[in-house]
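K.L.:
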Amino acid sequence: MPSPSALSACPPSSRWSDVGFATVARGVSTCGDFLAATALTLALQSAGAGGLAVSALLLAATLPLVVLAPLTGRLADRVDSRTLLVGAGLAQAAVCLGLAYAGHPVLIVALVALLASGLAVTQPVLAALLPAMVRAEDFPRASAFNQTAATIGMLGGPALAGLLVGQFGTRVPLLVDAASYLALVLAGLVIRTRRGGSRSVSSVASGPDRPAPAWRLRSDPLLVAMVATMAAVVGALGALGVVEVFYLRETLDASATVFGVVTAAWPLGILPGAWLLARLAPRFTDDVTLLWGGLVLLAVCCLMVLAGAAVPIALLVVPCWLLGGVANGGDSVLNNLLLVRRVPEANRGRAFAVFGGATQGAAMVGYLVGGLAMAVAAPRLLVAACGVAGLLVVAVAVAPVARAVRADRRHRPARAARPPRRTARLPTRRRTARSTTRPAVRGWPLPPPPGEPAVPGGVTVGAWTASHAPGSGTSSSSTACRSTGV
1 MPSPSALSAC PPSSRWSDVG FATVARGVST CGDFLAATAL TLALQSAGAG GLAVSALLLA
61 ATLPLVVLAP LTGRLADRVD SRTLLVGAGL AQAAVCLGLA YAGHPVLIVA LVALLASGLA
121 VTQPVLAALL PAMVRAEDFP RASAFNQTAA TIGMLGGPAL AGLLVGQFGT RVPLLVDAAS
181 YLALVLAGLV IRTRRGGSRS VSSVASGPDR PAPAWRLRSD PLLVAMVATM AAVVGALGAL
241 GVVEVFYLRE TLDASATVFG VVTAAWPLGI LPGAWLLARL APRFTDDVTL LWGGLVLLAV
301 CCLMVLAGAA VPIALLVVPC WLLGGVANGG DSVLNNLLLV RRVPEANRGR AFAVFGGATQ
361 GAAMVGYLVG GLAMAVAAPR LLVAACGVAG LLVVAVAVAP VARAVRADRR HRPARAARPP
421 RRTARLPTRR RTARSTTRPA VRGWPLPPPP GEPAVPGGVT VGAWTASHAP GSGTSSSSTA
481 CRSTGV
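Sequential numbering of the sequence shown, starting at 1, is according to the working numbering.
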């Protein structure tokens, strides 16, 4: 069994084998998620269920991620990650096995809610494990690998579902999905990096006489600004998940093939966007740059949605969605890096869960607004309204973000001025040990969040998204990419 200092600490060298296992597990399980979502939607439609049943299915797949975020985030920080991945993976496989034999829509919706509850556990666990697997300078690249796997799963799941449902009906795709959750079980068993429980690195890094520093999202103005802005933009664009199919199929008269090509363009754009920013992000040493860069990329996403509302034919939506996906992928990398830099390692699971819950909750609001608006407005007008609403959100967010930046910078001189007074009261040997050993254990040396006392050697902090997301969550493939930004 690994020693505590080797568990979830930032290692001297990146554990790329662990990154590979986690990446494959996420890609396979995401593919299974979207395979099941597509198969179940087709099953409800074939059984004569109306839009209410489909809406209930989407709600059941999303609501647990929002409601359970505070609980599952704390679980991810306090329980051994191996226990959570293995236990949740086995539970999800069992639930999906039951789904394969469920027939009544109410039972299907209930089992989907249970399945999403498992996802609410595994998402923050995997998200918080990733920065513990690699050195600080390698995290953007590891995040891009992870996002690539999720995107491939989003693209492959619906296509595989269509093939399997057409050939074998609904049961076989759900059995395949049940098997896909075993990838999480296998990953939990083979990944050497572990965190949570008594093995949490926080107890090692904080020292025997000082507990890990408390963390609250509201105490960090930059993270509050980032989460609030992201959630607001997701809410503005969320209606697109409902409207898009009517806009493409009815307004632009797209065939089923063209519809598939257009909806795949956004997640395809995420891949180059994530890798481009993975190369550039390490150069952004100031957290403020990450925040402003993310805001600009969100504006690009909204602008591309607005441009997509002005085209005369469906194929011209493809370049708009591709560019929007590029900005979406880049924004996810910046968000993840900002969270990792500013949240203490012991609280990363909670931070990722809170971020994912906020974005998924905003997406639910967008779905509701989109469904209601379809009764009173044309699809093209609604797509344009989504883009305009998103741009307005970004414009309104500029002032709060600027205030958050000023608040964060006001704390920097105070934090820099306090350590010498406290350091003078500490024995020389103890001060030297902290200043030399802690960076080797943690690897994310940054000042403490606002409101926390400074300590000798600085407080090391780090953190989400989800993609799915986001991150992440479960919904249609293109909507999930736009909704979570992780």
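For glycine and all other residues, C-beta sits at the position ideal for the given N, C-alpha and C.
If you count every other CB in all the chains shown that lies within 10 Å of the CB of Leu392, and 16 or more means buried, which is it?
P.N.:
As a working note, residue 392 is residue 392 in the sequence shown. So Leu392 counts as exposed.
K.L.:
In angstroms, rounded to a whole number, what distance separates the CA positions of Pro140 and Val86?
P.N.:
Position 140 of the sequence shown, counted from the start, is the residue given in the question as residue 140. Position 86 of the sequence shown, counted from the start, is the residue given in the question as residue 86. Roughly 27 Å separates the two Cα atoms.
K.L.:
For my contact list, Val243 and Gly370 are in at a C-beta cut-off of 8 Å; report their separation, rounded to the angstrom.
P.N.:
Walking along the sequence shown from the start, residue 243 turns up at place 243. Walking along the sequence shown from the start, residue 370 turns up at place 370. Going by Cβ atoms, the distance from Val243 to Gly370 rounds to 5 Å, so yes, they are a contact pair.
K.L.:
Which same chain residues end up closer than 6 Å to Arg82 when comparing Cβ atoms and leaving out the 5 residues on each side of it in sequence?
P.N.:
The count along the sequence shown starts at 1 and reaches residue 82 at position 82. Excluding sequence neighbours, Arg82 sits near Gly188 and Arg194.
K.L.:
Which whole-angstrom value is the C-beta distance of Ala363 and Gly157, which I expect to be below 8 Å?
P.N.:
The count along the sequence shown starts at 1 and reaches residue 363 at position 363. The count along the sequence shown starts at 1 and reaches residue 157 at position 157. About 18 Å; that fails the 8 Å criterion.
K.L.:
Can you have a look at Gln92 and say buried or exposed, based on whether 16 or more other CB atoms are within 10 angstroms of its CB?
P.N.:
Numbered from its first residue, the sequence shown carries residue 92 at position 92. Buried, since its Cβ has 16 or more Cβ neighbours within 10 Å.
K.L.:
Return the Cβ separation of Ala161 and Ala39 in integer angstroms, given the expectation that the two are a contact with Cβ distance under 8 Å.
P.N.:
Taking the first residue of the sequence shown as position 1, residue 161 is located at position 161. Taking the first residue of the sequence shown as position 1, residue 39 is located at position 39. That pair is a contact at about 5 Å.
K.L.:
Give the DSSP-derived three-state secondary structure of Val121 in the structure shown.
P.N.:
As a working mapping, residue 121 is identified with position 121 in the sequence shown. Three-state result, Val121: helix.
K.L.:
Report the three-state DSSP secondary structure of Met364 (helix, strand or coil).
P.N.:
Taking the sequence shown and counting its residues from 1, one reaches residue 364 at position 364. The answer is helix: DSSP assigns Met364 an H, G or I state.
K.L.:
Cutting at 7 Å between CB atoms, please list the residues of its own chain near Met226, excluding the five before and the five after it.
P.N.:
Position 226 of the sequence shown, counted from the first residue, corresponds to residue 226. Excluding positions up to five away in sequence, the list reads Leu291, Gly294, Asn335 and Leu338.
K.L.:
Are the Cβ atoms of Leu382 and Pro267 separated by less than 8 Å?
P.N.:
Reading the sequence shown from its first residue, position 382 is the one you call residue 382. Reading the sequence shown from its first residue, position 267 is the one you call residue 267. Going by C-beta atoms, Leu382 is not nearer than 8 Å to Pro267.
K.L.:
To the nearest angstrom, how far is it from the Cα of Ser180 to the Cα of Ala142?
P.N.:
In the sequence shown, counting from the first residue as 1, residue 180 sits at position 180. In the sequence shown, counting from the first residue as 1, residue 142 sits at position 142. One C-alpha to the other measures close to 22 Å.
K.L.:
Comparing alpha-carbon positions, which option in Thr257, Ala353 and Gln123 lies nearest Ala69?
P.N.:
Taking the first residue of the sequence shown as 1, we reach residue 69 at position 69. If we check each option's Cα against that of Ala69, Ala353 comes out closest.
K.L.:
Please specify which runs of the beta strand (DSSP E), each continuous and at least 3 residues long, are wholly inside the stretch 272 to 349, giving them in chain order.
P.N.:
Correct list: empty.
K.L.:
Using CA coordinates, which residue listed in Asp177, Leu63, Ser219 and Arg403 is at the minimum distance from Ala113?
P.N.:
Within the sequence shown, the letter at position 113 stands for residue 113. Checking every option, the nearest Cα to that of Ala113 belongs to Leu63.
K.L.:
Compare the C-alpha of Arg409 against each of Gly20, Arg283 and Thr289 and name the closest.
P.N.:
On the sequence shown, position 409 is the one that residue 409 refers to. Per the Cα distances, Thr289.
K.L.:
Does the Cβ of Leu107 have 16 or more other Cβ atoms within 10 Å, making it buried, or fewer, making it exposed?
P.N.:
Translated into positions along the sequence shown, residue 107 becomes position 107. By the neighbour-count rule (16 or more Cβ atoms within 10 Å), Leu107 is not buried but exposed.
K.L.:
Counting only runs that start and end within the stretch 58 to 89, where is the alpha helix (DSSP H) found for 4 or more residues in a row?
P.N.:
With a minimum length of 4 residues, the continuous alpha helix (DSSP H) runs that stay inside the stretch 58 to 89 are 69 to 78.
K.L.:
In angstroms with no decimal places, state the Cα-to-Cα distance between Arg279 and Gly20.
P.N.:
For this step, residue 279 is matched to residue 279 along the sequence shown. For this step, residue 20 is matched to residue 20 along the sequence shown. Their backbone Cα atoms lie some 19 Å apart in a straight line.
K.L.:
Our contact map puts Leu322 next to Gly269 with C-beta atoms below 8 Å; I'd like the distance itself, whole angstroms only.
P.N.:
In the sequence shown, the residue the question calls residue 322 occupies position 322. In the sequence shown, the residue the question calls residue 269 occupies position 269. Going by Cβ atoms, the distance from Leu322 to Gly269 rounds to 4 Å, so yes, they are a contact pair.
K.L.:
Return yes when the Cβ of Thr72 is within less than 8 Å of the Cβ of Ala120, no when it is not.
P.N.:
Taking the sequence shown and counting its residues from 1, one reaches residue 120 at position 120. Taking the sequence shown and counting its residues from 1, one reaches residue 72 at position 72. Yes, the pair counts as a contact, with Cβ atoms nearer than the cut-off.
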